[in-house]
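Chain order of the listed sequences is A and B.
Counting in this note's numbering, the first sequence runs from 387 upward without gaps.
Counting in this note's numbering, the second sequence runs from -5 upward without gaps.
Positions of the beta carbon are idealized from the N, C-alpha and C atoms, including for glycine.
For reference, the structure discussed in these notes is given below.
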Amino acid sequence: MNWLDAQPDKHPRTASRLVDGEAVIILPEEGVVRMLNQVGSRIWDLADGTRPVRDIAETIYGEFDVEREQARKEVVEFIQQMVEGELLVAEASL
Amino acid sequence: MSYSKAELGTEREDEVRLDVAGVVLALRGDGVRRTVLGAPQYPPFLSSAPSVATVEVERAEVNPVWTLPGPEVKLEGQSLSFGTFGGEAYLDAGAGSGWLRVAADDHVAQGALANFLRVAYALLLIHHGGFLFHSAGMIRDGRGYVFYGHSGSGKSTITRLSREQATLLSDDLVALRDYGGAWRVHGTPFWGELRDYPRTAASAPLRGLFSLVKANDVALEPLPSGLAAADVVSSVPVTSTEPRLSTRLIDLCADLVARVPCYRLYFPRNDSFWRVIDELA
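Below, the structure written as structure tokens:
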């Protein structure tokens, strides 16, 4: 599966806001509030349905102290987890 | 006890208006005055101001078999459907109208009304720049403070400890409302463990939000605003499948924590915490 070309977006069931750079996300159906760390919050902010994962990973590489390959790997893993948790929507291509 | 027309806020014999944090709700129907005024918590909240919503209250002739163990609430868009022991209701906050059917028995009807009002105000306040907040609230020297945390964190304890020190607004649910960037805390009829304490509709500028932690010594720790916003959102008693309502709520909470300092308060079982809070003023 190729996740690098997927364009993740917020799941419509979520409501969120960046507060001081940290993403606060409400899952209303479950009555749950989640917070992301600094890197996760930046990925969340960038996941707006217009950017492919490879561009998001490139931005993370540029802004944080991480190797390019490591950034790609971790961004893909993070986005997969968020899609599985129905916080983001994205479709990987074959 | 009898009330003047001015106190009751209306010429109509079949109407009572309640004001929580400046949001006025009219309850209309045969016997509604008896139901409302028969409960001691509402008189400080009687109002003569125009209402934002009117709820037609209908009394069943016999007690229907409503067996829900607790309130069941469904929020969709601007409206809520509600069922509880002894009552069911619908309210459209956008249209400003709704209905409430309650049991014939006064005691059961008052319980159903109390549950309905909590839910109705949770929704109405969000539409008017505020929200109900699970917390103890107090006014001390003209400044408003709220203390929040999970069940058992000490909201009722800190209220008891402050009985001689502050005006008590609630030990369970206060109303917070934004007035053009200035947040105020308001008393409500909605109390928890300390249900026999006197109610007040008093309000004050909000000067601090405190997340409660029981401890041996008093200490105050500033909370980063992201964590504070998540904390505050978690203590708002609204669950909606409607993302717009949730987005509105999260925006309100983010604005609140940007304007009002938030702390974690470690406190022992005495009133020494006021000393460190007073030093903030």
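Assigned exposure category for residue i - 16 Cβ within 10 Å defines buried
i                 : result
Val419 of chain A : buried
Ala87 of chain B  : buried
Gly136 of chain B : exposed
Gly81 of chain B  : buried
Asp451 of chain A : exposed
Pro63 of chain B  : Residue confidence for Pro63 of chain B is low, a pLDDT of 49 falling below 50, so the modelled location carries little weight; the figure read from the coordinates is stated next. With fewer than 16 other Cβ atoms within 10 Å, it is exposed.
Arg263 of chain B : exposed
Gln104 of chain B : buried
Met468 of chain A : buried
Thr61 of chain B  : Model confidence at Thr61 of chain B stands at a pLDDT of 49, short of 50, so the residue's coordinates are unreliable; what they give is reported in the following sentence. It counts as exposed.
Leu107 of chain B : buried
Leu274 of chain B : exposed
Leu473 of chain A : buried
Lys459 of chain A : exposed
Ser129 of chain B : buried
Val14 of chain B  : buried
Glu378 of chain A : No statement about residue 378 of chain A is possible, as the shown extent of chain A runs from 387 to 480 and does not include it.
Arg28 of chain B  : exposed
Asn423 of chain A : exposed
Glu158 of chain B : exposed
His144 of chain B : exposed
Arg454 of chain A : exposed
Asn109 of chain B : buried
Thr436 of chain A : exposed
Gly175 of chain B : exposed
Arg189 of chain B : exposed
Arg279 of chain B : Residue 279 of chain B lies beyond the range of chain B shown here (-5 to 275); nothing can be said about it.
Arg269 of chain B : exposed
Ser479 of chain A : exposed
Proximity to residue i [Cα-Cα], best of the options
i                 : options                                   : result
Gly417 of chain A : B:Pro34, B:Glu50 and B:Val67              : B:Val67
Gly131 of chain B : B:Tyr115, B:Ser205 and B:Ala98            : B:Ser205
Gly471 of chain A : A:Met387, A:Ala392, A:Lys396 and A:Asn388 : A:Lys396
Val30 of chain B  : B:Val207, B:Glu215 and B:Pro183           : B:Pro183
Glu236 of chain B : B:Asn109, B:Ile120 and B:Gln72            : B:Gln72
Ser266 of chain B : B:Ser156, B:Gly174 and B:Arg112           : B:Ser156
Phe125 of chain B : B:Val226, B:His144, B:Leu19 and B:Ala20   : B:Val226
Met421 of chain A : A:Gly435, A:Asp406, A:Asp434 and A:Glu415 : A:Asp406
Val51 of chain B  : B:Arg11, B:Leu69, B:Lys149 and B:Pro37    : B:Arg11
Gly25 of chain B  : B:Thr48, B:Thr151 and B:Ala54             : B:Ala54
Arg6 of chain B   : B:Val17, B:Gly16 and B:Arg22              : B:Arg22
His101 of chain B : B:Pro34, B:Ala196 and B:Arg134            : B:Pro34
Asp165 of chain B : B:Gly186, B:Ser147 and B:Arg269           : B:Gly186
Ala196 of chain B : B:Glu9, B:Pro38, B:Phe76 and B:Ala98      : B:Pro38
Val461 of chain A : A:Arg399, A:Ile412 and A:Trp430           : A:Trp430
Glu9 of chain B   : B:Val49, B:Tyr36, B:Tyr84 and B:Ser150    : B:Val49
Asp245 of chain B : B:Val230, B:Ser147, B:Tyr257 and B:Arg258 : B:Val230
Glu449 of chain A : A:Phe464, A:Thr436, A:Leu432 and A:Ile465 : A:Leu432
Arg253 of chain B : B:Pro216, B:Leu217, B:Trp177 and B:Gly181 : B:Trp177
Thr78 of chain B  : B:Glu70, B:Ala89, B:Leu94 and B:Gly90     : B:Leu94
Thr194 of chain B : B:Leu167, B:Leu217, B:Lys149 and B:Pro216 : B:Leu167
Ile152 of chain B : B:Pro44, B:Val17 and B:Ile271             : B:Ile271
Tyr276 of chain B : B:Cys247, B:Leu214, B:Arg238 and B:Ser219 : No information on residue 276 of chain B is available, as it lies outside the stretch -5 to 275 that chain B covers here.
Arg147 of chain B : B:Val179, B:Arg201, B:Val207 and B:Ser41  : The amino acid at residue 147 of chain B is misidentified as Arg; the sequence shows Ser. Comparing Cα-Cα distances from Ser147 of chain B to each of B:Val179, B:Arg201, B:Val207 and B:Ser41, the minimum goes to B:Val207.
Gly92 of chain B  : B:Leu163, B:Val46 and B:Ala248            : B:Val46
Leu118 of chain B : B:Val179, B:Leu19, B:Ala209 and B:Pro255  : B:Leu19
Tyr139 of chain B : B:Gly123, B:Tyr36, B:His122 and B:Pro199  : B:Pro199
Identified DSSP bridge partners for residue i
i                 : result
Pro262 of chain B : Beta-bridge pairing links Pro262 of chain B to no other residue.
Pro199 of chain B : B:Arg178
Leu21 of chain B  : B:Val10 and B:Val49
Leu170 of chain B : B:Phe125 and B:Val179
Asp245 of chain B : Asp245 of chain B is not bridged to any residue.
Gly81 of chain B  : B:Thr78 and B:Val96
Tyr257 of chain B : B:Phe204 and B:Pro216
Val475 of chain A : A:Asp395
Ser73 of chain B  : B:Glu70 and B:Asp86
Leu31 of chain B  : Beta-bridge pairing links Leu31 of chain B to no other residue.
Leu239 of chain B : Bridge partners of Leu239 of chain B: none, in fact.
Leu40 of chain B  : B:Leu12
Any non-hydrogen atom of the ligand COA closer than 7 Å to residue i Cβ
i                 : result
Lys208 of chain B : In terms of ligand content, the structure shown is empty, and the ligand COA therefore cannot be addressed.
Which runs of the beta strand (DSSP E) at least 3 residues long sit entirely within the stretch 90 to 164 of chain B? Give them in chain order. 91 to 96, 124 to 134, 137 to 142 and 161 to 164
Against chain B: residues of the stretch 444 to 471 of chain A by CB proximity under 9 Å: none
- request: Output, in sequence order along the chain, the residues in the stretch 232 to 251 of chain B whose CB is closer than 9 Å to any CB in chain A.
  value: Val232, Thr233, Ser234, Thr235, Glu236, Pro237, Arg238, Leu239, Ser240, Thr241, Arg242, Leu243, Ile244, Asp245, Cys247, Ala248 and Val251
Point to revise | Selection of the stretch 9 to 43 of chain B by Cβ proximity to chain A, strictly under 7 Å | key: none
Q.
Beta carbons nearer than 9 Å to chain B: which residues of the stretch 392 to 411 of chain A have them?
A. Pro398, Arg399, Thr400, Ala401, Ser402, Arg403, Leu404, Val405, Asp406, Gly407, Glu408, Ala409, Val410 and Ile411
Residues of the stretch 417 to 438 of chain A whose Cβ lies closer than 7 Å to any Cβ of chain B, in chain order:
Gly417, Val419 and Met421
Q.
At 3 residues or longer, what runs of the beta strand (DSSP E) sit wholly inside the stretch 387 to 465 of chain A?
A. 401 to 405, 408 to 413 and 418 to 421
#### Entry: Interface residues of the stretch 195 to 223 of chain B facing chain A [CB-CB below 9 Å]
Pro218, Ser219, Gly220, Leu221, Ala222 and Ala223
When you check each C-beta in the stretch 106 to 129 of chain B against every C-beta of chain A, which residues fall closer than 9 Å? none
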